[in-house]
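K.L.:
Quick one: the structure is below, and I'll ask about it shortly.
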């Protein structure tokens, strides 16, 4: 049995956990992984497939490397890889995440004919005038009047919401759905409202407090202060 | 060095040319040297409103192409000693006969001689608009209290805000007090709420404007008209004076109403 700790195997309730060291070459890891799994004969007796979670520490695997790990783990064994995780992210991945979760604050009026597009959430301090349009891949928050078009969750995030101080839009769009103000809409809305996609796949406008229950994930404040 | 102000609107027929003629005349009445530039090449009519059409020899396109000197193209308004001039547009060419760089040069030359250069912009957002705003330091957006005109004004303001000039100011033209009162027309607040730019003035719908134009005299020359006073006020605001907005509903407040209000206040 190899003496090193290049590969550690732990059994958990859910299945197996493989911890691959990041302090040696990738080739060494593969070698030892193959050897240790070969020794652990008892997996073969199990009838069902065992789920495996792989953790690679501070080593980020390329697609090619992932394929080689998969090859070794799956070969002639009833193991099924569930996840492969690392402590680190590629720079591109990190940039993408930052962009998608960032709140872009814009302080101006979106006028007729203007289109404002952002990656992530949009916080607009100002109005969207008739004929103007705002588009975000995430949520849209407007501290002003929405009199034009707002498209949240572009192109396919149906969880996205639109919140604004005064909701009198020409159109609301969320992901791939669209709704238009009814022609006979005479309701003069005074308070802040939100729009979201309900279970029947319709865009509806609702009172703001509802949002806390239907989209709890919007609470990104980290508890810990007073 | 004078200042160049472009008068624009997006939508046609809201009164850009009338506004240009009247503000220009009002500034001349205040003793300023003013040059009005018509950039509506092919559809000129600033000369008609001023009653100067029969004196045009050269025009903007001739100047741009070096066919004449700038001075030769000026049409002087005899009613004002040496204060009001028109640089007319060509009637036989189209908007592409001049480009933005040529306009900039002409406007810069004019600014050296005049206190104010008022540029009358054609409707639309194409070449003619680009030419008209090219040399301007400031912009005045004219709209009427109608949804279509306000929408186009909004579009124009969006385009102007991208330019390196002072934030545009607004004139609301042809307000019909009676219709506003009956709730059939946008009021001043409705318009300023949407456009959210500084209000330079309001002008009531006044038949005197049409009459004046029929006679080839800007309405502002008659200080006894509502519109004439409005344009004089606008000119004073351009000069930096603080003039309160005209009360447009004065005429309909009869004696009886005033008395009732007076009694009401005592109760």
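Protein chains in written order, with our numbering: chain B, 91 to 316; chain R, 37 to 303.
Ideal Cβ positions, reconstructed from N, Cα and C, are used throughout, including at glycine.
May I ask you to list, following chain order, the residues of the stretch 261 to 276 of chain R that have a beta carbon less than 8 Å from some beta carbon of chain B?
P.N.:
Hits within the stretch: zero.
K.L.:
Beta strand (DSSP E) containing residue 173/B: first to last residue?
P.N.:
Start and end: 169 to 175.
K.L.:
So, does the stretch 166 to 185 of chain R touch the stretch 134 to 146 of chain R, judging by three or more C-beta pairs under 8 Å?
P.N.:
With a cut-off of 8 Å, the stretch 134 to 146 of chain R and the stretch 166 to 185 of chain R count as touching, because enough Cβ pairs lie within range.
K.L.:
Quickly, what does DSSP pair residue 150/R with across the bridge? List them, please.
P.N.:
DSSP, once it has assigned bridges, lists no residue as partnering residue 150/R.
K.L.:
The stretch 225 to 253 of chain B: which residues have C-beta closer than 9 Å to a C-beta of chain R, in chain order?
P.N.:
Those residues of the stretch 225 to 253 of chain B that come within reach of chain R (Cβ to Cβ, closer than 9 Å) are 235, 237.
K.L.:
Give the straight-line distance between the Cα atoms of residue 52/R and residue 237/B, rounded to the nearest whole angstrom.
P.N.:
So the alpha carbons of these two residues sit roughly 27 Å apart.
K.L.:
Around the Cβ of residue 286/B, are there at least 16 other Cβ atoms within 10 angstroms (buried) or fewer (exposed)?
P.N.:
The residue is buried, with at least 16 neighbouring Cβ atoms inside 10 Å.
K.L.:
Quick check on the burial criterion: 16 or more other C-beta atoms within 10 angstroms. Buried or exposed for residue 205/B?
P.N.:
Residue 205/B is exposed by the Cβ-count criterion.
K.L.:
Are the stretch 220 to 228 of chain B and the stretch 174 to 186 of chain B touching by the rule of at least three beta carbon pairs closer than 8 Å?
P.N.:
Contact between the stretch 220 to 228 of chain B and the stretch 174 to 186 of chain B is absent, because fewer than three Cβ pairs lie under 8 Å.
K.L.:
Shortest alpha-carbon distance to residue 207/R belongs to which of 91/R, 282/R, 67/R?
P.N.:
When each option's Cα is compared against that of residue 207/R, the closest is 282/R.
K.L.:
Out of 123/B, 297/B, 211/B, 227/B, which one is the CA nearest neighbour of residue 247/B?
P.N.:
Comparing Cα-Cα distances from residue 247/B to each of 123/B, 297/B, 211/B, 227/B, the minimum goes to 227/B.
K.L.:
By how many angstroms is the C-alpha of residue 263/R removed from the C-alpha of residue 217/R?
P.N.:
Taking the straight line from one Cα to the other gives about 19 Å.
K.L.:
Against chain R, with Cβ distances strictly below 8 Å, would residue 219/B count as a contact?
P.N.:
For residue 219/B, the answer is yes, since a Cβ of chain R falls inside 8 Å of its Cβ.
K.L.:
Which residues in chain B sit within 8 Å of residue 219/R, going by Cβ to Cβ distance?
P.N.:
Those do not exist, as residue 219/R stays about 14 Å from chain B at its closest Cβ, beyond 8 Å.
K.L.:
Distance check for residue 125/R and residue 80/R, CA to CA, integer angstroms please.
P.N.:
Cα to Cα, residue 80/R sits roughly 6 Å from residue 125/R.
K.L.:
If residue 141/B sits next to residue 120/B, beta carbons under 8 Å apart, how far is it from one beta carbon to the other, in whole angstroms?
P.N.:
Residue 141/B to residue 120/B, Cβ: 21 Å. No contact.
K.L.:
Measure how close the beta-carbons of residue 143/B and residue 173/B come, nearest whole angstrom, since I'm counting them as under 8 Å.
P.N.:
That belief holds up - the Cβ atoms of residue 143/B and residue 173/B are roughly 5 Å apart, short of 8 Å.
K.L.:
Return no unless some Cβ of chain B is closer than 8 Å to the Cβ of residue 43/R.
P.N.:
Not one chain B Cβ lies under 8 Å of residue 43/R.
K.L.:
Does the beta carbon of residue 190/R come closer than 8 Å to any beta carbon on chain B?
P.N.:
For residue 190/R, the answer is yes, since a Cβ of chain B falls inside 8 Å of its Cβ.
K.L.:
Indicate whether at least one CB of chain B lies closer than 8 Å to the CB of residue 194/R.
P.N.:
Residue 194/R counts as touching chain B.
K.L.:
Just to confirm before moving on: does the CB-CB distance between residue 195/R and residue 70/R stay below 8 Å?
P.N.:
No. Outside cutoff.
K.L.:
Shortest alpha-carbon distance to residue 146/R belongs to which of 162/R, 99/R, 157/R, 161/R?
P.N.:
Residue 146/R has its Cα closest to that of 99/R, out of 162/R, 99/R, 157/R, 161/R.
K.L.:
Just the chain B side, please: which residues come within less than 7 Å of residue 230/R by C-beta, in chain order?
P.N.:
Ordered by position in chain B, the residues that pass the 7 Å Cβ test against residue 230/R are 219.
K.L.:
Please compile the residues from chain B whose C-beta is within a distance smaller than 7 Å of the C-beta of residue 187/R.
P.N.:
Residues of chain B passing the Cβ test: 202, 220, 221.
K.L.:
Which residues of the stretch 176 to 209 of chain B have a Cβ closer than 9 Å to any Cβ of chain R? Give them in chain order.
P.N.:
Correct list: 198, 199, 200, 201, 202, 203, 204.
K.L.:
Would you say residue 204/R reaches chain B, if we count a Cβ-Cβ gap shorter than 8 Å as a contact?
P.N.:
It does not: the Cβ of residue 204/R has no partner Cβ on chain B nearer than 8 Å.
K.L.:
Closest by CA to residue 56/B, which one among 255/B, 199/B, 288/B, 282/B?
P.N.:
The structure shown does not extend to residue 56/B, since chain B is modelled only from 91 to 316, so the question has no answer here.
K.L.:
Give me the DSSP bridge partner(s) of residue 105/B.
P.N.:
Per DSSP, 141/B.
K.L.:
Beta carbon of residue 250/B: closer than 7 Å to some heavy atom of the ligand SAH?
P.N.:
Inclusion of the ligand SAH in the displayed structure is not the case, the ligand content being empty and no account of it being possible.
K.L.:
Output needed for residue 228/R: all residues of its chain with C-beta closer than 6 Å, excluding positions within five of it in sequence on either side, in chain order.
P.N.:
For residue 228/R, where only same-chain residues beyond five positions count, the Cβ hits under 6 Å are 235.
K.L.:
Whose CA, out of 202/B, 230/B, 154/B, lies closest to the CA of residue 190/B?
P.N.:
Ranking the options by Cα distance to residue 190/B, first place goes to 230/B.
K.L.:
Exposed or buried, what is residue 44/R when buried is set at 16 or more other beta-carbons lying within 10 Å of its beta-carbon?
P.N.:
Counting Cβ neighbours within 10 Å, residue 44/R comes out buried, since at least 16 surround it.
K.L.:
Which residue's Cα is closest to the Cα of residue 111/B: 163/B, 97/B, 156/B?
P.N.:
The shortest Cα separation from residue 111/B among 163/B, 97/B, 156/B belongs to 97/B.
K.L.:
Would you call the stretch 262 to 276 of chain R and the stretch 47 to 65 of chain R touching, i.e. three or more CB-CB distances under 8 Å?
P.N.:
Segments in contact, yes.
K.L.:
Write down the C-beta distance between residue 201/B and residue 219/B rounded to the nearest angstrom, noting that I regard them as a contact closer than 8 Å.
P.N.:
The Cβ separation is near 5 Å, so the contact holds.
K.L.:
With respect to the beta strand (DSSP E) encompassing residue 257/B, which residues constitute its N-terminal and C-terminal limits?
P.N.:
Counting along the chain, the beta strand (DSSP E) containing residue 257/B begins and ends at 252 to 257.
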